[in-house]
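What follows is a single structure, written as structure tokens, with notes after it.
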Amino acid sequence: TNENFKSLLREFLPKGQSFNSLTEKELVHYIEAINERPRRLHHYKTAKFLFGLAQTT
1 TNENFKSLLR EFLPKGQSFN SLTEKELVHY IEAINERPRR LHHYKTAKFL FGLAQTT
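Those letters in the sequence shown? Residues 1 to 57, per my numbering, in order.
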């Protein structure tokens, strides 16, 4: 969910720091790190892996 994503993003940005202060490069880096994290919901596969798999089917 959106709230879950925000909490994952907060691991990189402390509470109180605005997302508006991020550069595009920083934001892309944080999003890639989150998408490369294995998730229990996906049986410990990454979102990046599952997205790639969905594109090939």
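Cβ coordinates follow ideal geometry from the N, Cα and C atoms, glycine included.
- Straight-line spacing of the CA atoms in residue 14 and residue 4 works out to 15 Å.
- When only Cα atoms are considered, residue 18 and residue 36 end up about 23 Å apart.
- Shown here, residue 23 sits in coil according to DSSP, grouped into three states, outside any helix or strand.
- For the 7 Å CB-CB criterion, residue 42 and residue 53 do not form a contact.
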